[in-house]
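**Student:** Handing you this structure, nothing more for now.
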Amino acid sequence: MSVARPVKTILFAGGGTGGHLFPGIALAEEFLAREPNTRIIFAGTRRGIEARILPELGYPLVFLDVQGFVGVGRRRSLQAALSFPKAVIQALILLVRYRPALIVGLGGYASAPVLLAAMVGGLPWVIQEQNVFPGLVNRLLAPFAAAVFTAYDRARDHLRSRRIHNYGNPLRSGLRGAGGGAESGPPAMDNQEQKETFALLVVGGSQGASIFNRLLPAVFARLAARYPRLWIVHQSGQAQLAAVAQAYAAWPDRARAVAFIEDMEKQYAAADLVICRAGALTLAELVELGKPSLLVPFPQAAHDHQSFNAGVLVEAGAAWVRPEVELDEENLAADIESLIKSPQRLMAMSRAALQLRQPGAAARIVDHCRNLM
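Its first residue numbered 806, the sequence shown is counted upward by one per residue in our numbering.
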């Protein structure tokens, strides 16, 4: 008679944005692939993207009454400070209830009360840092973590820990390993000069990017007549979808505006050039798939961390970057046109991106975590 193994619980703490949340989902997938009876629980907030995404995927989500401290003004910072002890107590109750074998901090303010509660309770916990310049919570708590998993080796310059392991950003299963080898570009880049279309993919993040929504339709109008093979998929966010769709109305067969891209793998595969912010998750996907990109870092990102992220790809020759303050219709159109005319440059950018890949990040992180449990 076989004895059933005890169910182990893994608690993921943090979120707020897709860049924090989706690496956690990738790790959850990997844990479940190893041990299907593992219990996965996420802790986050009602305001974060986790409140929409996790219920759709079937993962349990526990809400904490916690608010961010950084960049929110004096009044809200005071409110956040006053509510923080309550969030720590909520986290302690959560740990007592589920007694997780491991807690994984994904970054963002929602991770802080859970990691502090884990320290009080003597439970093992680790940090997964997605950016070149780590967020405040991870910088403060890294010295006490059992392990810190980074996506970029230069992140260690900003972290005080002797237990840093540079494994890369974990990606969801549909995107892993799709980039092929480093000796050739992905299928969408092959025979660029013979292709009937040149596909632009504009990714503004879950809320969209106002600067893209304002400029890209006008840029497309400039280029569409000169380049009949040019077409575009533009992810605008829900709030500005109607206006962006109307701006592309003259090209119903060549332009599509969407609030959110559900089939990201398919859209990446078709794209010849990606125009996007420089969030860590987006860059990990570009590198994995070998996609040339034009990056516009979000200027309000904490500590300008997106510019640090973009710098890695630019230095490698995998991307171009335009600070938002410099971006206008004329120079954006010129950048795109220059790349349309330079298939060999696009191929070189694709190969440079593939050279930055760190395959198997999720598997390596989970291997390490299992040794800590």
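Beta carbons: idealized from backbone N, C-alpha and C, even for Gly. None of these values were measured; they are calculated from a predicted model.
#1: Do you know how far the Cα of Trp-930 is from the Cα of Arg-879?
#2: Identify, in the order they occur along the chain, each residue of the same chain with its Cβ nearer than 8 Å to the Cβ of Ser-1011, setting aside the five sequence neighbours on each side.
#3: Could you tell me the alpha carbon to alpha carbon distance between Leu-1005 and Pro-865, rounded to whole angstroms?
#4: Among Arg-967, Phe-889, Leu-897, which one has its Cα closest to the Cα of Leu-816?
#5: Quick check on Lys-1146: buried or exposed, where buried means 16 or more other Cβ atoms within 10 Å of its Cβ?
#6: Only counting the same chain, and skipping five residues up and downstream in sequence, which positions put a Cβ closer than 7 Å to that of Asn-974?
#7: Let me check understanding here. Comparing Cα to Cα, which of Ser-978, Glu-861, Arg-1150 lies closest to Met-1069?
#8: Around the Cβ of Lys-1096, are there at least 16 other Cβ atoms within 10 angstroms (buried) or fewer (exposed)?
#9: Which residues does DSSP pair with Asn-971 in a beta bridge?
#10: How should Pro-948 be labelled, buried or exposed, when 16 other C-beta atoms within 10 angstroms of its C-beta is the threshold for buried?
#11: Since Leu-1179 sits in a beta bridge, which residues does DSSP pair it with?
#12: Counting along the chain, where does the alpha helix (DSSP H) carrying Thr-1002 start and finish?
#13: Please list the segments of the beta strand (DSSP E) lying wholly inside the stretch 999 to 1084, counting only runs of 3 or more residues, in order along the chain.
#14: Return the residue from the list Val-812, Gln-884, Val-867 that minimises the CA-CA distance to Pro-841.
#15: Could you check where the beta strand (DSSP E) with Ile-845 kicks off and where it finishes?
**Tutor:** So, from the data block:
#1: 31 Å
#2: Thr-822, Gly-823, Ile-854, Gly-1042, Phe-1065
#3: 36 Å
#4: Leu-897
#5: exposed
#6: Pro-828, Gln-935, Ala-956, Ala-1085, Leu-1086, Ala-1089, Ala-1166
#7: Ser-978
#8: buried
#9: Thr-955
#10: exposed
#11: Outside the shown range of the chain, which is 806 to 1178, sits residue 1179, and nothing can be said about it.
#12: Run containing Thr-1002: none; DSSP gives neither H nor E here.
#13: 1003 to 1008, 1035 to 1040, 1060 to 1063, 1078 to 1081
#14: Val-812
#15: 844 to 849
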